[in-house]
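Each residue of the sequence shown is one higher than the one before, starting from 61 at the first, in the working numbering.
Scroll down for the structure; my scribbles are underneath it.
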Amino acid sequence: TRRPSGPASPRRVIHRPVLDGGAGGEALALGQSLEVGPALELVKGGGGALLREKLLVSACDRFVVVAEAEKRVARLGETTRLPVEVVRFAWPDTQRRLRETLEESTLRQGEDGEPFATDEGHFLLDCVLPSSLGLAALEERLKQTTGVVEHGLFLESADAVVIGGTDGGVETLTR
Numbered sequence: 061t062r063r064p065s066g067p068a069s070p071r072r073v074i075h076r077p078v079l080d081g082g083a084g085g086e087a088l089a090l091g092q093s094l095e096v097g098p099a100l101e102l103v104k105g106g107g108g109a110l111l112r113e114k115l116l117v118s119a120c121d122r123f124v125v126v127a128e129a130e131k132r133v134a135r136l137g138e139t140t141r142l143p144v145e146v147v148r149f150a151w152p153d154t155q156r157r158l159r160e161t162l163e164e165s166t167l168r169q170g171e172d173g174e175p176f177a178t179d180e181g182h183f184l185l186d187c188v189l190p191s192s193l194g195l196a197a198l199e200e201r202l203k204q205t206t207g208v209v210e211h212g213l214f215l216e217s218a219d220a221v222v223i224g225g226t227d228g229g230v231e232t233l234t235r
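Right, here's the structure in full:
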């Protein structure tokens, strides 16, 4: 069964029907990533389906990421911002609370100039990752911030990352 993580997203996640009580067997999620760190930690969620992607990945037995060589970084946050999904209600207050951990964030805008809405109707803040804070500590702080629904850190989710090289070669990294 093919199922995208969100109606506005390209078909990026493939799995057997595990979320709707489907048959047994191994469930596999395939995804893309904005960045891939050295320990297979990821920044995902560029398409705005953070919550859905986390639900799909957690429901699957294996998660394999396919990425281009330029997505591989020494430290997450080098080339992209971290998407953080926040509730619409009082989102500026959530952004203010996040400044204690993530000093710089901007509300993502849609093509129409209005705030971008996730597949679940929430807003996205695109945040600069601090180099001074460990990723596990950051993840914990984000989870504890009132108003945060989900975030784009996938620290221990990927079982394998397939890197496509510019020369046409492929490298597979495994946990």
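All residues carry an ideal CB built from backbone N, CA and C; glycine is no exception.
Around the beta carbon of Leu193, fewer than 16 other beta carbons sit within 10 angstroms, so the residue counts as exposed. DSSP places Leu111 within a helical segment (H, G or I) once states are collapsed to three.
Note that the C-beta distance between Lys104 and Leu94 is below 8 Å.
Asp219: not part of any beta strand (DSSP E); DSSP gives it neither H nor E.
A straight-line Cα-Cα distance of about 26 Å links Arg148 and Leu215. Cβ-Cβ distances below 7 Å link Leu189 to Leu136, Gly137 and Leu142 in the same chain, with the five nearest sequence neighbours on each side left out; the list follows chain order.
In this structure the stretch 217-225 touches the stretch 116-132; the number of beta carbon pairs closer than 8 Å is three or more. Annotated three-state conformation of Thr232 is strand, per DSSP. Check the Cα spacing between Glu199 and each of Leu102, Ala177 and Leu88: the tightest is with Leu102.
In this structure, the alpha-carbon of Thr206 lies about 13 Å from that of Arg159.
Our two residues, Phe176 and Ser165, have alpha carbons roughly 14 Å apart in a direct line.
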